[in-house]
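Residue numbers (my numbering), protein chains in the order written: chain B, 204 to 302; chain W, 2 to 616.
Worksheet: one structure, shown below.
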Amino acid sequence: MLEAPALVLVKIMLFATLRSKYKTRELTVACDGTLPNLIENASKILGPEFVDDVYDKKQTKVRDDMIIMVNGRNIKDLKGEITLKDNDVIAIFPPLAGG
Amino acid sequence: MPRGYMGKILRVNLTTNSLKVESTSEEIARKYLGGKGYAVYLLYKYLKEYEKAGISPKDINALGPENVLIFATGPGTGIPGFPSNGRYHVMALKSPLTGSIGSANSGGEFGPFLKFSGFDIIAVEGASETPVYLAVVNGEAELRDASNLWGKNVFDTCRILRDKVGGKNTSVACIGPAGENMAYMACIINDEHRAAGRTGLGAVMGSKKLKAIVVSGEEKVPVANPERFSEVSRRCLDALKNNSVTGVGLPTYGTAILINIINTAGGLPYKNWQTGVNPDAEKISGETLAEAYLTSRRACWGCPIGCGRVTSVKSGPFHVLASEGPEYESIWALGSSTAVKDLDAVVKANHFCDELGLDPISMGSTIAAAMELNERGYIPQEDLQGLDLRFGNAAALVEAVWRTAYKVGFGKYLALGSKKLCEIYGHPELSMSVKGLEMPAYDPRAIKGIGLNYATANRGGCHVTGYTVSPEVLGIPEKIDPLKAEGKAKWVKVFQDFTCVVNSTVNCLFTTFALGAKDYAELLSAVTGWSLTEGEILKIGERIYNLERVIINKFGFDGKDDALPRRLLEEPMPEGPAKGQVIELKKMKEEYYKLRGWVNGVPTKDKLAELEIEL
Numbered sequence: 204m205l206e207a208p209a210l211v212l213v214k215i216m217l218f219a220t221l222r223s224k225y226k227t228r229e230l231t232v233a234c235d236g237t238l239p240n241l242i243e244n245a246s247k248i249l250g251p252e253f254v255d256d257v258y259d260k261k262q263t264k265v266r267d268d269m270i271i272m273v274n275g276r277n278i279k280d281l282k283g284e285i286t287l288k289d290n291d292v293i294a295i296f297p298p299l300a301g302g
Numbered sequence: 002m003p004r005g006y007m008g009k010i011l012r013v014n015l016t017t018n019s020l021k022v023e024s025t026s027e028e029i030a031r032k033y034l035g036g037k038g039y040a041v042y043l044l045y046k047y048l049k050e051y052e053k054a055g056i057s058p059k060d061i062n063a064l065g066p067e068n069v070l071i072f073a074t075g076p077g078t079g080i081p082g083f084p085s086n087g088r089y090h091v092m093a094l095k096s097p098l099t100g101s102i103g104s105a106n107s108g109g110e111f112g113p114f115l116k117f118s119g120f121d122i123i124a125v126e127g128a129s130e131t132p133v134y135l136a137v138v139n140g141e142a143e144l145r146d147a148s149n150l151w152g153k154n155v156f157d158t159c160r161i162l163r164d165k166v167g168g169k170n171t172s173v174a175c176i177g178p179a180g181e182n183m184a185y186m187a188c189i190i191n192d193e194h195r196a197a198g199r200t201g202l203g204a205v206m207g208s209k210k211l212k213a214i215v216v217s218g219e220e221k222v223p224v225a226n227p228e229r230f231s232e233v234s235r236r237c238l239d240a241l242k243n244n245s246v247t248g249v250g251l252p253t254y255g256t257a258i259l260i261n262i263i264n265t266a267g268g269l270p271y272k273n274w275q276t277g278v279n280p281d282a283e284k285i286s287g288e289t290l291a292e293a294y295l296t297s298r299r300a301c302w303g304c305p306i307g308c309g310r311v312t313s314v315k316s317g318p319f320h321v322l323a324s325e326g327p328e329y330e331s332i333w334a335l336g337s338s339t340a341v342k343d344l345d346a347v348v349k350a351n352h353f354c355d356e357l358g359l360d361p362i363s364m365g366s367t368i369a370a371a372m373e374l375n376e377r378g379y380i381p382q383e384d385l386q387g388l389d390l391r392f393g394n395a396a397a398l399v400e401a402v403w404r405t406a407y408k409v410g411f412g413k414y415l416a417l418g419s420k421k422l423c424e425i426y427g428h429p430e431l432s433m434s435v436k437g438l439e440m441p442a443y444d445p446r447a448i449k450g451i452g453l454n455y456a457t458a459n460r461g462g463c464h465v466t467g468y469t470v471s472p473e474v475l476g477i478p479e480k481i482d483p484l485k486a487e488g489k490a491k492w493v494k495v496f497q498d499f500t501c502v503v504n505s506t507v508n509c510l511f512t513t514f515a516l517g518a519k520d521y522a523e524l525l526s527a528v529t530g531w532s533l534t535e536g537e538i539l540k541i542g543e544r545i546y547n548l549e550r551v552i553i554n555k556f557g558f559d560g561k562d563d564a565l566p567r568r569l570l571e572e573p574m575p576e577g578p579a580k581g582q583v584i585e586l587k588k589m590k591e592e593y594y595k596l597r598g599w600v601n602g603v604p605t606k607d608k609l610a611e612l613e614i615e616l
């Protein structure tokens, strides 16, 4: 008999214009430990447009202009496949800057 | 004279009460552009003249009449359509806070209106015996009595002089009580809320008893090739509009939006840099500022971005009717380094910094150092005279600001800046500064490239000199790992050189989120009539950076001063994504000096020859 994959609970935190868009600061989402699954499950709560906020139009890779951090590390600085664990925190920022 | 320049420099001698007009030199403009570049060249000339007269650079007193204060615009300033060009650059031969070169940049309207009044640059030397202000109106300059302005705050000074002079394009740059009292971190403020903030230039102005400069005029800045300029400018303005940072992020949130992202990256200094993670960051974030304090936004002259925040604190003990800011840096220094989580108090403290004329970065960081000194028991209570400086004490934060401006009670110690304050109380290692200038809001243990920049910036601990936070955290123009030390030197160098170009053009650094050196070469070529390439533009920037370095070498600064506080080199980050990290400055500096062509922080003769710098 096939076992269902173990689910992990991950916190997603939204910042700046994403907060006003989704009227949400943070949400806890269950997923299979992969980023695509996390975003897909989050979109069931936030709405389908959330996927387009994170992934490019073809939904093959994360949008270059978005800043996505796993426990404070930008995914662009992390090597290899990202495996999410229980209580990981994903922070998502739209393009922003300052001085 | 090439286009873009008004062709005139105003030389003011406050000791002899004399004014002289000189021509802007085309030869110097070609090599140094304008703004910061031209000012550095002039300062070096002054230094050589002083040396010839037997005055050693090390003996120059930053608060003495021999110090020189220069207000400079560049060929881009004041031309409608030149992106975000409502800025000017101010320099002093020596900073009272650091003993290194004084340098600061400001927005608003003063820069363009200085050009409309008929001048590219104003250079002030000497000192007046009584308070004066300089009026530069429609090409005519005059020193006038300021005894009835002395003692007034920045807001009243700006309003009184603007009304007195009248006219369409009138702007006032002035000092408040902090500058008059020569607090070492006093700044120059124009248009009520825009600051040439760092390195204590307000104290220099105060030492000269120069209360204000008011400029007014209606001259137009000439452009060599208006059609070509129009084409390039339209393309650049479109790029700014379509870029998500300059077109959406900055206009919507201002710079305060950085609080949460820098904290998430584990690099938001908290409690005088004891850690890079602030548990109350949300309470002082850009999102909270926008929600509860923002009333509208404001743009500098000629700027399509409009990152300025107009704010108010509606009620309570920290009520503020209307203010501008606080910016990311001000919130961090006054709120995170001090652990004050009451944003009402931070807005009020920042408002006082504008009203009284103080640099909020140095002010906040000095207060935070005092808080740590006090909590560790290093300050006798009788020195504090009741000022309860402990981390998180919002009322003490606000009180400390006005005490510093007036140098009353413990304020007379705070007014010296954190380096001298910590030396006095026997713990110099608690001053989080480089070359005496308090470092801004990014912990180098979590963001290593900015640490190398802090160490090597000529004016001291400064982020805008070479803002590598852009690639390291924001991913612009590309993402590099903030925790890696290798490979950062080339980024620091190119950012430092390009920033000199921006500060010499003079326009706003924020355009560089969307525009590059090639855009600047095309814009400046169309304005001046010169054929500037991207390579030549960057070489001009490198030339300016190196000549500025030659000046600070003469003041005694070299490789030993390209340093960072011991905390960042030896105390591992205690928590967050950068937990366990220190900054490996030694090897980063080696890489940097090699790229720069310097030995122990001093440019070699070959490098100076390559850059055509004549000593």
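By construction, the Cβ of each residue, glycine as well, lies at the ideal position given by its N, Cα and C atoms.
Nearest candidate by alpha-carbon position, reference residue i, set the options
{"i": "Phe353/W", "options": "Val215/W, Val341/W and Trp403/W", "result": "Trp403/W"}
{"i": "Gly255/W", "options": "Cys301/W, Val215/W and Pro270/W", "result": "Cys301/W"}
{"i": "Pro441/W", "options": "Val470/W, Leu415/W, Glu424/W and Glu430/W", "result": "Val470/W"}
{"i": "Lys420/W", "options": "Arg597/W, Tyr185/W, Asp444/W and Leu525/W", "result": "Tyr185/W"}
{"i": "Tyr443/W", "options": "Ser338/W, Leu115/W and Pro81/W", "result": "Ser338/W"}
{"i": "Phe230/W", "options": "Pro566/W, Glu543/W and Tyr521/W", "result": "Tyr521/W"}
{"i": "Val583/W", "options": "Arg567/W, Tyr594/W and Pro472/W", "result": "Arg567/W"}
{"i": "Arg195/W", "options": "Glu325/W, Val166/W, Leu44/W and Pro318/W", "result": "Glu325/W"}
{"i": "Met2/W", "options": "Glu28/W, Thr17/W and Leu11/W", "result": "Glu28/W"}
{"i": "Trp531/W", "options": "Leu484/W, Gly452/W and Val224/W", "result": "Val224/W"}
{"i": "Thr220/B", "options": "Glu479/W, Leu616/W and Leu259/W", "result": "Leu259/W"}
Residue-level contact to chain W via CB, residue i, 8 Å cutoff
{"i": "Arg266/B", "result": "no"}
{"i": "Ile271/B", "result": "no"}
{"i": "Gly283/B", "result": "no"}
{"i": "Gly236/B", "result": "no"}
{"i": "Lys224/B", "result": "no"}
{"i": "Ala209/B", "result": "no"}
{"i": "Phe253/B", "result": "no"}
{"i": "Thr220/B", "result": "yes"}
Neighbour flag for residue i against chain B, beta carbons, 8 Å
{"i": "Leu269/W", "result": "no"}
{"i": "Ser448/W", "result": "Sequence check: residue 448/W is Ile here, not Ser. False, the Cβ-Cβ gap to chain B never drops below 8 Å."}
{"i": "Phe558/W", "result": "no"}
{"i": "Thr265/W", "result": "yes"}
{"i": "Glu585/W", "result": "no"}
{"i": "Phe514/W", "result": "yes"}
{"i": "His464/W", "result": "yes"}
{"i": "Tyr468/W", "result": "yes"}
{"i": "Tyr329/W", "result": "yes"}
{"i": "Asp482/W", "result": "yes"}
{"i": "Ser313/W", "result": "no"}
Local Cβ density within 10 Å of residue i, reported as buried at 16 or more and exposed below that
{"i": "Glu130/W", "result": "exposed"}
{"i": "Ala257/W", "result": "buried"}
{"i": "Pro472/W", "result": "buried"}
{"i": "Ala346/W", "result": "buried"}
{"i": "Arg236/W", "result": "exposed"}
{"i": "Ile80/W", "result": "buried"}
{"i": "Glu487/W", "result": "exposed"}
{"i": "Ser234/W", "result": "buried"}
{"i": "Thr534/W", "result": "exposed"}
CB contact below 8 Å: residue i versus chain A
{"i": "Ile258/W", "result": "Going by chain labels, chain A is absent from the structure shown, which instead holds the protein chains B and W."}
Unbroken beta strand (DSSP E) runs of length 3 or more, entirely within the segment 298-368 of chain W: which are they?
-> 309-314 and 321-325
Entirely enclosed beta strand (DSSP E) segments - the segment 178-243 of chain W, minimum 3 residues | Fully enclosed beta strand (DSSP E) runs of 3 or longer: 189-191, 195-197 and 211-217.
Contained alpha helix (DSSP H) runs [length at least 4] in the segment 485-553 of chain W, N- to C-terminal order | 490-506 and 518-529
Quick check: the segment 284-294 of chain W against the segment 487-503 of chain W, are there 3 or more CB pairs under 8 Å?
-> no
Taking contact to mean at least 3 C-beta pairs separated by less than 8 Å, is the segment 33-53 of chain W in contact with the segment 67-76 of chain W?
-> yes
Check whether the segment 537-552 of chain W touches the segment 411-428 of chain W, counting contact only when three or more Cβ pairs, one atom from each stretch, lie closer than 8 Å.
-> no
Mind pulling the beta strand (DSSP E) runs of 3 or more residues that sit fully within the segment 124-150 of chain W?
-> 133-138 and 141-146
Would you list, in sequence order, the uninterrupted beta strand (DSSP E) runs of no fewer than 3 residues that lie entirely inside the segment 34-66 of chain W?
-> The segment 34-66 of chain W contains no whole beta strand (DSSP E) run of 3 or more residues.
Counting pairs of Cβ atoms below 8 Å between the segment 282-290 of chain B and the segment 236-253 of chain W, do you hit three or more?
-> Result no; under three Cβ-Cβ pairs closer than 8 Å.
Are three or more beta carbon pairs between the segment 166-175 of chain W and the segment 392-410 of chain W nearer than 8 Å?
-> The answer is no - the segment 392-410 of chain W does not touch the segment 166-175 of chain W, with fewer than three Cβ pairs under 8 Å.
Taking contact to mean at least 3 C-beta pairs separated by less than 8 Å, is the segment 56-66 of chain W in contact with the segment 419-437 of chain W?
-> no
Within the chosen definition, does the segment 576-593 of chain W reach the segment 446-464 of chain W through at least 3 CB pairs nearer than 8 Å?
-> yes
Three CB pairs or more closer than 8 Å across the segment 228-244 of chain B and the segment 428-441 of chain W = No, the segment 228-244 of chain B does not touch the segment 428-441 of chain W.
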